[in-house]
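Asks: Here's a structure for you.
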Amino acid sequence: MVAVIGLLGVLFQAKKNHQASLEQIDTLKEQANAATIQANAALEAARASTKTAEATAQAAINDTFTKAYAAASENWARYTDAIEKRLQEQGEEIVENAKRIDKAERLAEADRQARDVAEKKFRIAEAWMRRTIRWIKENLPGADYPPIPPELDIEL
1 MVAVIGLLGV
11 LFQAKKNHQA
21 SLEQIDTLKE
31 QANAATIQAN
41 AALEAARAST
51 KTAEATAQAA
61 INDTFTKAYA
71 AASENWARYT
81 DAIEKRLQEQ
91 GEEIVENAKR
101 IDKAERLAEA
111 DRQARDVAEK
121 KFRIAEAWMR
131 RTIRWIKENL
141 PGADYPPIPP
151 ELDIEL
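Using my numbering, the letters of the sequence shown correspond one by one to residues 1 to 156.
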């Protein structure tokens, strides 16, 4: 009977140990589930951090492009302002040149008219001198008159 009591004690102890083991397994399962929940939460936090980092990086890239475009726009604005200023200066220079050309054309026309008048008077004077020389030769034969200057000798 002692053996049966011993065996019952061993069985009781085994059942008790089995019950304790099952409780430990349940506790370990709960701990594993809690760890899984924590891991999933950490994974979600990491994904959220990744999304935040991607959004921050994209915002930085967009900001960089915006600043680059702004700088390029400012440079283009300065360039176009300089071109417009130079074009305005050239427009003023063109107006001044046109005025000078008009003045030169008026002076040239006045010179042409004066030359035409002088040439007409010269032809009249040339004809008068020929008549005068002919008259002197006809009416005062042998009269000595001054020689014709060499510059006019060709013309007359």
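C-beta: ideal position from N, C-alpha, C; glycine also.
Just tell me which of Pro149, Thr27, Asn139 and Glu74 has its CA closest to the CA of Glu126.
Replies: Here residue 126 refers to the residue found at position 126 when the sequence shown is read from its first residue. The shortest C-alpha separation from Glu126 is found at Pro149.
Asks: With DSSP collapsed to three states, give me the class of Tyr145.
Replies: Translated into positions along the sequence shown, residue 145 becomes position 145. Three-state result, Tyr145: coil.
Asks: With DSSP collapsed to three states, give me the class of Met171.
Replies: Because residue 171 is not part of the residues shown, which for the chain are 1 to 156, the question remains open.
Asks: For Leu140, name the three-state secondary structure that DSSP assigns.
Replies: Position 140 of the sequence shown, counting from 1, holds the residue named residue 140. Of the three classes helix, strand and coil, the one that applies to Leu140 here is coil, per DSSP.
Asks: Taking the alpha-carbon positions, what's the Leu156 to Arg123 distance?
Replies: Mapped onto the sequence shown, residue 156 falls at position 156. Mapped onto the sequence shown, residue 123 falls at position 123. Its pLDDT being 48, under 50, Leu156 is placed unreliably in this model, and the value from its coordinates should be taken loosely. Spanning the two alpha carbons is a distance of roughly 10 Å.
Asks: If you draw a straight line from the C-alpha of Thr80 to the C-alpha of Ala41, how long is it?
Replies: Counting from one through the sequence shown, the residue named residue 80 turns up at place 80. Counting from one through the sequence shown, the residue named residue 41 turns up at place 41. Approximately 57 Å, taken between the alpha carbons.
Asks: Can you give me the C-alpha to C-alpha distance between Ile25 and Gln38, rounded to a whole angstrom?
Replies: Against the sequence shown, residue 25 aligns to sequence position 25. Against the sequence shown, residue 38 aligns to sequence position 38. If you take the alpha carbons of Ile25 and Gln38, they lie about 19 Å apart.
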